[in-house]
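First to last, the sequence lines map onto chains A and B. The first sequence maps to residues 1 to 137 in the numbering used here. The second sequence maps to residues 1 to 253 in the numbering used here. Here's the structure, in structure tokens; my notes come after.
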Amino acid sequence: MIAAVVALPAAAAAFQVVGDAIPAPLTDVAGDPVRGRAVVAGRQVGTCVLCHAGPFPEERLPATIAPDLRGVADRLSAGQIRLRLADPRVVNPDTVMPAYFSQEGLVRVGRAWQGRTALTAQQIEDAVAFLMTLKEE
Amino acid sequence: MSTSAWCRALVLLLAALPAAAQERRSGYDDAGPQVRAMQDDDMANPAFLWVQQGEVLWERRVGEAGKSCADCHGAVSEMRGVAARFPEFDAARGRVVTLEQRVNVCRTDFQGAPALAPESDALLGITALVGLQSRGMPVAVEVSGAAAEAVARGEAFFRLRQGQLNLSCAQCHDQLAGQSLAGSRIPQGHPNGYPIYRLEWQGMGSLHRRLRACLVGVRAEPLGRDDALLGDLELYLAARAAGLKVETPGVRP
């Protein structure tokens with residue numbers, strides 16, 4: 001595990017990695033789990049459910065690409081989830097999961113998407129708040 | 001069978017396994033039974049509405065030359081095998097030419113007629129009709145000589161992580177093919193059915209249209225229709241699909 005504070009070059013201003021987590025929230029406004037559910041379950045917003053199964057009855061045929069999100073709050077802390085949303089490449093450089101709060105290393109980004117991260121800081125916080133409600137134990 | 005014969009058979013079987021694991025599957029094999037049934041029956045396949053338009057256009061004299069396709073090529077059945085060899089590297093132009101582009105070379109250079117618009121019913125109809133003549137033949141594009149560099153450029157693009165979602169074609173269509181993405185099976189992404197009737201479009205479209213949808217899906221900049229890299233990518237995809245049977249006009253979900 002990385003012990004020191006790691007700061008990614010382009011994302012240095014945006015968040016600070018400690019170990020395999022971003023302990024500090026990205027905004028001053030506490031995450032809202034209801035808005036967070038819309039981010040996570042919205043196919044066009046967070047796009048999470050394209051790859052992850054979870055407690056989403058509206059997804060009739062669950063995705064099989066990435067781990068099931070049920071019980072994720074039992075497995076990971078809020079800070080660990082925050083890093084895995086913001087830039088999962090810090091944890092696994094080969095992951096297929098997009099970095100939702102980093103533009104580091106991106107190429108051929110479509111005109112409509114240039115100059116901004118896939119999710120806003122507040123959307124990340126809302127998604128973290130929702131995912132922290134997914135407990136099974 | 002003797003023990004040594006069993007051993008030889010086992011060795012042969014094990015040697016064949018990696019190849020079998022990467023066996024090429026047409027998108028047809030990953031589609032649902034209703035989609036496959038539509039493609040299986042030419043009377044149920046909506047793409048044949050475009051094929052019929054293509055048949056009319058094949059005989060129609062156009063342009064300053066007043067020539068039809070048939071005036072030069074004869075019956076359209078003479079085009080058997082052509083689509084299985086496309087796209088091709090055109091040495092004179094120094095770039096890959098797709099079947100759509102080749103049809104328009106005929107229009108502008110030999111018929112003296114304006115090029116058919118991209119994704120127009122006319123161009124889709126002609127390419128579907130020509131493609132149909134190769135149905136059942138294995139995809140077999142030329143990849144040696146001057147084409148090799150174009151194939152390599154196409155493959156590099158296929159493997160490039162790109163767009164805001166930072167995904168490469170290879171990650172979905174090689175690495176994750178067969179997995180469920182949003183409830184749909186990810187196909188290997190072969191071009192052997194184009195132009196296709198796609199249920200999501202409720203219409204017919206070229207491979208370029210499909211590639212555009214994928215690139216927009218990963219929030220990347222789509223390739224322009226005249227971008228040489230588009231030809232390189234289409235040539236690589238055809239090389240990657242070598243041996244799969246042409247299904248034009250295919251039906252996809």
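Glycine is no exception: its CB is placed at the ideal position from the N, C-alpha and C atoms. Just so it is clear, the structure is predicted and the values come from calculations on it, not from any experiment.
Point to revise | Short-range partners of chain A found in the segment 206-224 of chain B, where Cβ spacing is below 7 Å | key: Val216, Arg219, Ala220, Glu221
Point to revise | Interface flag, Pro98/A vs chain B, CB-CB below 8 Å | key: The residue labelled residue 98/A in the question sits at position 98 within the first sequence. So yes, Pro98/A belongs to the interface.
Check your understanding: Among Arg75/A, Ala53/A, Arg84/A, Ala73/A, which residue has its Cα nearest to the Cα of Ile65/A?
Key -> On the first sequence, position 65 is the one that residue 65/A refers to. Ranking Arg75/A, Ala53/A, Arg84/A, Ala73/A by Cα distance to Ile65/A puts Ala53/A first.
Check your understanding: Is it right to say Arg198/B is buried, meaning 16 or more other beta carbons lie within 10 angstroms of its own, or is it exposed?
Key -> Numbered from its first residue, the second sequence carries residue 198/B at position 198. Buried, by the Cβ-count rule.
Exercise for review: Pull up the distance between the alpha-carbon of Arg210/B and that of Leu134/A, whole angstroms please.
Suggested key: The residue you call residue 210/B lines up with position 210 of the second sequence. The residue you call residue 134/A lines up with position 134 of the first sequence. Distance between the alpha carbons of Arg210/B and Leu134/A: 37 Å.
Review point. Closest Cβ-Cβ distance between Gln188/B and chain A: below 8 Å?
Key: By 1-based counting over the second sequence, the position of residue 188/B is 188. With 8 Å as the cut-off, Gln188/B does not count as an interface residue toward chain A.
Exercise for review: Check the Cβ-Cβ distances between Ala170/B and every residue of chain D, and say whether any is below 8 Å.
Suggested key: The displayed structure is made up of protein chains A and B, and chain D is not among them.
Review point. Three-state secondary structure (DSSP) at Asp232/B?
Key: Within the second sequence, residue 232/B is the residue found at index 232, counting from 1. Note: Asp232/B maps to helix in three-state DSSP.
**Study point:** is_contact[Ala242/B, chain A] using C-beta, thresh 8 Å
**Key:** What you label residue 242/B is simply residue 242 of the second sequence in a count that begins at 1. No, its Cβ sits nowhere closer than 8 Å to a Cβ of chain A.
Check your understanding: Does DSSP put Gln162/B in a helix, in a strand, or in coil?
Key -> By 1-based counting over the second sequence, the position of residue 162/B is 162. Here Gln162/B sits in strand by DSSP.
**Study point:** chain B contact for Val49/A (CB, 8 Å cutoff)
**Key:** For the purposes of this step, residue 49/A is taken as residue 49 along the first sequence, with counting starting at 1. Yes, its Cβ sits closer than 8 Å to a Cβ of chain B.
Check your understanding: Whole-angstrom Cβ separation of Pro187/B and Ala47/B, contact assumed at under 8 Å?
Key -> The residue you call residue 187/B lines up with position 187 of the second sequence. The residue you call residue 47/B lines up with position 47 of the second sequence. Incorrect: roughly 18 Å between the Cβ atoms, too far for contact.
Point to revise | Neighbourhood of Arg82/A by C-beta, 6 Å cutoff - its chain only, sequence neighbours within 5 removed | key: To locate residue 82/A, count along the first sequence from 1; it is residue 82. Same-chain partners within the cutoff: Ile22, Val128.
Review point. In three-state terms, what does DSSP make of Val107/A?
Key: Working through the first sequence from its first residue, we reach residue 107/A at position 107. The answer is coil: DSSP assigns Val107/A none of H, G, I, E or B.
Check your understanding: How would you call Ala13/A, buried or exposed, if buried means at least 16 neighbouring beta carbons within 10 angstroms?
Key -> By one-based count along the first sequence, residue 13/A stands at place 13. Summary for Ala13/A: the model assigns pLDDT 46, below 50, so the residue's position carries little reliability, and this model does not support an answer.
Check your understanding: CB Gly205/B to CB Glu119/B, shorter than 8 Å?
Key -> Working through the second sequence from its first residue, we reach residue 205/B at position 205. Working through the second sequence from its first residue, we reach residue 119/B at position 119. A contact, by the Cβ cut-off of 8 Å.
Practice item. Mind listing the chain A neighbours of Gly183/B? Cutoff is C-beta to C-beta under 8 Å, in chain order. Key: Translated into positions along the second sequence, residue 183/B becomes position 183. The contacting residues are Glu59, Arg60, Leu61, Pro62, Ala63.
Review point. For the segment 213-233 of chain B against the segment 120-133 of chain B, are there 3 or more C-beta pairs whose distance is under 8 Å?
Key: no
**Study point:** Whether Leu119/A touches Tyr100/A by CB criterion (8 Å)
**Key:** Translated into positions along the first sequence, residue 119/A becomes position 119. Translated into positions along the first sequence, residue 100/A becomes position 100. Against a cut-off of 8 Å, the Cβ pair of Tyr100/A and Leu119/A comes out as a contact.
Review point. Could one say the Cβ of Gly154/B lies closer than 8 Å to chain A's Cβ atoms, at least one of them?
Key: Locating residue 154/B in the second sequence gives position 154, counting from the first residue. Closer than 8 Å: no.
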